[in-house]
Structures are given as C-alpha cells and as structure tokens.
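As numbered in my numbering, residues 12 to 257 make up the sequence shown, in order.
Below is one structure, written out as structure tokens; comments come after it.
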Amino acid sequence: MIKDKKLVVVMPAYNAETTLQQTYDELPHDIVDDVILVDDASTDRTALLARDIGISHVLVHDHNLGYGGNQKTCYRKAVEIGGDIVIMVHPDYQYTPKLIRSMASLIAEDVFDCVLGSRILGVGALRGGMPLYKYVANRILTFVQNALVNYKLSEYHTGYRAFTREILETLPLDRNSDDFIFDNQMLLQVIGHDYRVGEITCPTAYFEEASSIGGMRAVRYGLGVLGESVIYRLDKMGITASRYSK
C-alpha cells in the first residue's frame with residue numbers, strides 16, 4: 012500500500028524467461044501489493060517461472076493476442092482485484108523497476124493521474140543504447156504529436172506507465188488496437204479525457220533480450236501514430252467522433 016492505496020504492478024510478457032527474475036527482484040515489494048503477469052502464449056518458460064518465483068496472478072493466453080491485447084487483459088485483472096494505482100512494468104528489464112516508488116507517489120499524492128517514465132528526458136536514451144534511428148524517429152513523431160495533440164510531452168512512446176484506477180475504468184480501452192499502437196491510442200485517450208499526465212526521467216537499457224519492434228512493423232507503427240494524431244485533432248475540432256471523445 013502507498014497512502015492507503017493498493018498498488019498493483021502488471022507485466023505484459025512474451026518470452027521473458029531470461030529477464031523476469033531480475034525485473035521481479037527489483038520491484039519495491041514493501042509497497043507493491045500484487046503483481047499480475049499475463050503471458051501472451053510464450054514459447055519459453057515465462058509462465059512457469061512466474062509461478063515459481065511467487066508472482067501473485069499469472070494468466071496465460073491460449074494464443075498470441077498481441078501487445079495491446081495483452082495489456083487489455085492486464086488492466087481488466089488489475090481492476091478486478093481492486094488496484095487503486097496500476098503500473099505497467101515490462102518484464103524484459105528495459106525499464107528499471109526502481110522508479111515504481113516515485114511514479115506511484117505522484118499518483119498517491121494526487122499530483123497526476125498518469126505518470127510516464129520518459130527515456131528522452133535527460134540523456135538516458137542514447138547512453139542506454141537506443142539506436143540512433145529509433146531516437147530520431149521518436150523525436151520526430153513526438154514533435155508532430157505535440158503539435159497535433161496540443162499537449163507537450165518529451166515522448167509518447169514509452170512503455171513505462173502508471174495509472175489511476177479511474178483511468179482504467181473510464182477509458183474505452185477495448186476500442187483500441189491489439190498491436191503496439193495500443194500504447195499511443197491509450198495515451199491519447201488519457202489526454203483527451205483531461206487526465207493529468209506527468210513524466211519522470213527514466214534510464215533505459217537496450218540489449219538482445221529487450222523487446223523492440225523494427226523493420227516494417229516499426230514503419231507501420233510510425234504511420235499509425237501519425238494517423239491517430241490526425242484523428243485526435245479532428246475529434247477535438249468537432250469534425251469527427253472517435254475513441255478520443257468523452
């Protein structure tokens with residue numbers, strides 16, 4: 012508990028056997044009440060290891076639903092078990108779990124409704140091994156989104172996120188994609204519904220086991236981000252009604 016609020020960590024997992032233990036060990040277990048791991052039909056021992064190390068709730072998809080589909084399961088379960096603050100931590104150890112206490116505190120103290128761990132604030136991204144082309148693409152997409160969305164963030168693409176229970180109960184998450192664009196759609200929904208968004212600097216690490224998208228999937232993601240930003244802008248101008256409408 013933190014400020015009498017139940018803190019739940021959710022882990023959307025796919026083939027995370029080699030990094031799960033390290034990620035789990037670094038969680039601040041003195042304030043984390045429950046951990047949920049959703050295994051998206053991994054081909055390794057992720058689910059078995061999760062149970063062995065004592066993760067509270069381990070769910071396994073019968074078939075791969077995608078990154079967005081995995082998160083939908085995570086958040087439904089987090090609400091079901093009564094989480095007041097829900098933080099997504101990737102079990103591939105790309106984002107350090109050591110920031111959970113700070114992110115949770117900003118929500119527990121009613122400073123923000125959503126807190127993002129930004130890889131771009133400071134100089135952590137490139138030092139942590141983010142490929143230069145990914146860094147440049149991140150900066151270009153964020154610049155365009157800041158203009159279209161009219162909400163200034165250092166990045167829209169981090170996978171390290173904390174939410175209030177109200178956000179998870181209010182937003183129409185099931186209308187979002189089951190693919191990687193889910194993250195961007197959800198963040199636009201958060202902004203569109205006037206929730207307060209804060210960012211903290213997050214060091215990151217890129218290595219072989221860390222999940223990442225590349226090639227044509229990365230291109231499709233980038234085009235999808237631009238498309239969703241245009242839809243958001245049209246929505247706010249009253250021209251269309253979409254998942255971003257209240």
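Backbone N, C-alpha and C define an ideal beta-carbon position, used for all residues, glycine too.
Since we're looking at a predicted model, the values are computed, not measured.
Close-in-space but distant-in-sequence residues of the same chain around residue i (CB under 6 Å, 5 per side omitted)
| i | result |
| --- | --- |
| Tyr78 | Phe191 |
| Ala52 | His72, His74, Asn75 |
Backbone secondary structure at residue i - three-state DSSP
| i | result |
| --- | --- |
| Pro108 | helix |
| Leu127 | strand |
| Phe174 | strand |
| Ile160 | The sequence given here places Val at residue 160; Ile does not occur at that position. Helix at Val160. |
| Arg14 | Correcting the residue identity first, residue 14 is Lys in this sequence and not Arg. Of the three classes helix, strand and coil, the one that applies to Lys14 here is coil, per DSSP. |
| Ala24 | strand |
| Gly94 | coil |
| Asp55 | coil |
| Met141 | coil |
| Tyr43 | It is Val, not Tyr, that sits at residue 43 in the sequence shown. Looking at Val43 - three-state DSSP - the assignment turns out to be coil, as it is neither helix nor strand. |
| Gly133 | coil |
| Asp50 | strand |
| Thr34 | helix |
Burial state of residue i, where buried means 16 or more other Cβ atoms lie within 10 Å
| i | result |
| --- | --- |
| Phe154 | exposed |
| Lys163 | exposed |
| Arg172 | buried |
| Ile178 | buried |
| Ala119 | buried |
| Asn161 | exposed |
| Tyr106 | buried |
| Pro23 | buried |
Bounding residues of the alpha helix (DSSP H) (the contiguous stretch that carries residue i)
| i | result |
| --- | --- |
| Arg87 | 78 to 91 |
| Ile202 | 193 to 203 |
Own chain residues within Cβ distance below 7 Å of residue i, not counting five before or after
| i | result |
| --- | --- |
| Phe193 | Tyr78, Gly79, Gln82, Asn187 |
| Asp7 | A question about residue 7 goes unanswered here, because the residues of the chain that appear run from 12 up to 257. |
Rounded C-alpha distance that separates residue i from residue j
| i | j | result |
| --- | --- | --- |
| Tyr146 | Arg130 | 10 Å |
| Asp121 | Asp205 | 15 Å |
| Asp41 | Leu182 | 30 Å |
| Leu152 | Ala27 | 28 Å |
| Ile242 | Ser116 | 33 Å |
| Ile64 | Gln32 | 7 Å |
Closer than 7 Å: residue i CB and nearest the ligand ZN heavy atom
| i | result |
| --- | --- |
| Thr34 | The ligand ZN is absent from the structure shown, which contains no ligands of any kind. |
Range covered by the beta strand (DSSP E) that runs through residue i
| i | result |
| --- | --- |
| Thr212 | 208 to 212 |
| His68 | 68 to 71 |
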